[in-house]
Ligand SMILES: N[C@@H](CCC(=O)N[C@@H](CS)C(=O)NCC(=O)O)C(=O)O
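Put into C-alpha cells, the structure is as follows:
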C-alpha cells in the first residue's frame, strides 16, 4: 500500500511533490533517481539521520516508522521507496519506466521486491563498514534517539550496532549480497542492456543505489562482469549525477576512507566476511 492514511494536516494541505530524504540513504537515492528520470520537480526536505532527526516528534508525525524517505504528493502520503517509485511512474499520463511486455513487467516487480529485501543486508554492512569508520552519533545523541524514537526494531538495530554486530550476521549479509549480485549478473548475461530487457525500468532504479553503495564499501565487482557493464551504462545517465552523486556527503565518505582502507589492508575488509568459513 504505497499511499497511506495520515491525519497530519500539515501534510494533507501540501501542494506539489515534497520529499523528506537523506543524501546518502539508498532508499532516498532511488526516489530521487525516479523523480529525475520522470522530470518531476520536488520540494526537498532533508532529514539528518546522523543528528537523529528521524527520532524527532515532527518527523515521526510524517513517517509512521521514522525512516526516510517519505513523499507527499498533493497531500497524499507515500512511503516505502520501491512503492514510491512505482507510484511516481503510475501518476504519469503515460508510464515511462515500466516495460510494455507483461513478462518483463512481472520480472521488474520481482527485481524491485528483491532490492527491497536486500535493504537489511545493505544497511548492516553500511553501518559496519562505512559508519563505523566515519564519525557517528555521539553517546548523548544515541541516548536521545533511544528515548524518543517509537520504532523498536530500528532502536534495537542501533543498539546492536553500538555494541558491535556479531560476525555471523556480517557474514550472512555479505553472503546474501553476493548471491543477489550473482543472480543479477546471470540475468544480464544474455547481453540485455537493462535488468528487464531493452528498456530502462524501475528495476534498474531500484538496484542502482545498491551497486553504488557496495562500491563505496570496497566490494569487488570483478566477479560479476555483466553487472559491472550494466552499471557503467546506467551510471552514465544524467539522473545518476543529478539525483545520486550530487547529494552525497563527500566529507563523510572521505572521512571513512582511511579506516576502510586500513581494514582492507588488515584482511578485515568486507570481502573477508564473504569468503569466511
Ligand atoms: N523499506 C524502507 C526502508 C527505509 C529505511 O530503512 N530507511 C533508512 C535509510 S535507507 C533510514 O531511514 N534509517 C534510519 C536509521 O537508521 O536511523 C524503504 O524502502 O523506504
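In my numbering, the protein residues as written are 67 to 343. All C-beta atoms, glycine included, are put in the ideal place defined by N, C-alpha and C. Just so it is clear, the structure is predicted and the values come from calculations on it, not from any experiment.
For residue 261 versus residue 270, is the C-beta spacing smaller than 8 Å?
For the purposes of this step, residue 261 is taken as the residue at position 195 of the chain shown. For the purposes of this step, residue 270 is taken as the residue at position 204 of the chain shown. Going by C-beta atoms, residue 261 is nearer than 8 Å to residue 270.
Quick check on DSSP: helix, strand or coil for residue 309?
Reading the chain shown from its first residue, position 243 is the one you call residue 309. The answer is helix: DSSP assigns residue 309 an H, G or I state.
Neighbourhood of residue 254 by C-beta distance below 8 Å, restricted to the same chain and skipping five residues each side:
Residue 254 sits at position 188 when you count from the first residue of the chain shown. Excluding residues up to 5 positions away in sequence, 261, 292, 293, 295 and 296 lie with their Cβ nearer than 8 Å to the Cβ of residue 254 in the same chain.
Beta-carbon proximity check, residue 115 vs residue 144, cutoff 8 Å
On the chain shown, residue 115 is found 49 positions in, with the first residue counted as 1. On the chain shown, residue 144 is found 78 positions in, with the first residue counted as 1. Contact flag unset, no.
Are three or more beta carbon pairs between the region 312-330 and the region 195-204 nearer than 8 Å?
Yes, the region 312-330 touches the region 195-204.
What is the rounded straight-line gap between the Cα of residue 178 and the Cα of residue 235?
On the chain shown, residue 178 is found 112 positions in, with the first residue counted as 1. On the chain shown, residue 235 is found 169 positions in, with the first residue counted as 1. Answer to the nearest angstrom: the Cα atoms are 24 Å apart.
Go ahead and pull the three-state DSSP assignment for residue 292.
Locating residue 292 in the chain shown gives position 226, where the first residue counts as 1. In this structure, residue 292 counts as helix in the three-state DSSP scheme.
Within the chosen definition, does the region 140-158 reach the region 238-253 through at least 3 CB pairs nearer than 8 Å?
Result no; under three Cβ-Cβ pairs closer than 8 Å.
Does the beta carbon of residue 106 sit closer than 8 Å to a beta carbon anywhere in chain B?
Considering every chain present, this structure includes no chain B. It has just one protein chain.
Please work out which residues of its chain come closer than 6 Å, Cβ to Cβ, to residue 153, disregarding the five sequence neighbours upstream and downstream, and give them in chain order.
Within the chain shown, the letter at position 87 stands for residue 153. Closer than 6 Å at the Cβ level, and outside the excluded window around residue 153, lie 68 and 144.
Going by other Cβ atoms of all chains shown within 10 Å of its Cβ, with 16 needed for buried, is residue 102 buried or exposed?
Counting from one through the chain shown, the residue named residue 102 turns up at place 36. Around the beta carbon of residue 102, 16 or more other beta carbons sit within 10 angstroms, so the residue counts as buried.
Beta carbon shell of ligand 1 at less than 7 Å from a heavy atom:
Counting every residue whose Cβ lies closer than 7 Å to a heavy atom of ligand 1, we get 88, 91, 92, 93, 94, 115, 120, 133, 134, 135, 145, 146, 147, 148, 182, 185, 189, 220, 223 and 224.
Provide the residue(s) that pair with residue 86 in DSSP beta bridges, ordered along the chain.
In the chain shown, residue 86 corresponds to position 20, counting from 1. Its beta-bridge partners are 111 and 136.
List the DSSP bridge partners of residue 80.
For the purposes of this step, residue 80 is taken as the residue at position 14 of the chain shown. Beta bridge pairing from DSSP links residue 80 with no other residue.
On the CB-based measure, 16 or more other CB atoms within 10 Å of its CB, does residue 79 come out buried or exposed?
Along the chain shown, read from residue 1 onward, the residue named residue 79 stands at position 13. Per the 10 Å Cβ criterion, exposed.
Tell whether a beta-carbon distance below 8 Å holds between residue 314 and residue 106.
The residue you call residue 314 lines up with position 248 of the chain shown. The residue you call residue 106 lines up with position 40 of the chain shown. Not closer than 8 Å, so no.
Work out the CA separation of residue 319 and residue 303 for me, nearest whole Å.
For the purposes of this step, residue 303 is taken as the residue at position 237 of the chain shown. For the purposes of this step, residue 319 is taken as the residue at position 253 of the chain shown. One C-alpha to the other measures close to 22 Å.
Are the CB atoms of residue 109 and residue 141 within a distance shorter than 8 Å?
Position 75 of the chain shown holds residue 141. Position 43 of the chain shown holds residue 109. No, Cβ-Cβ distance for residue 141 and residue 109 is not below 8 Å.
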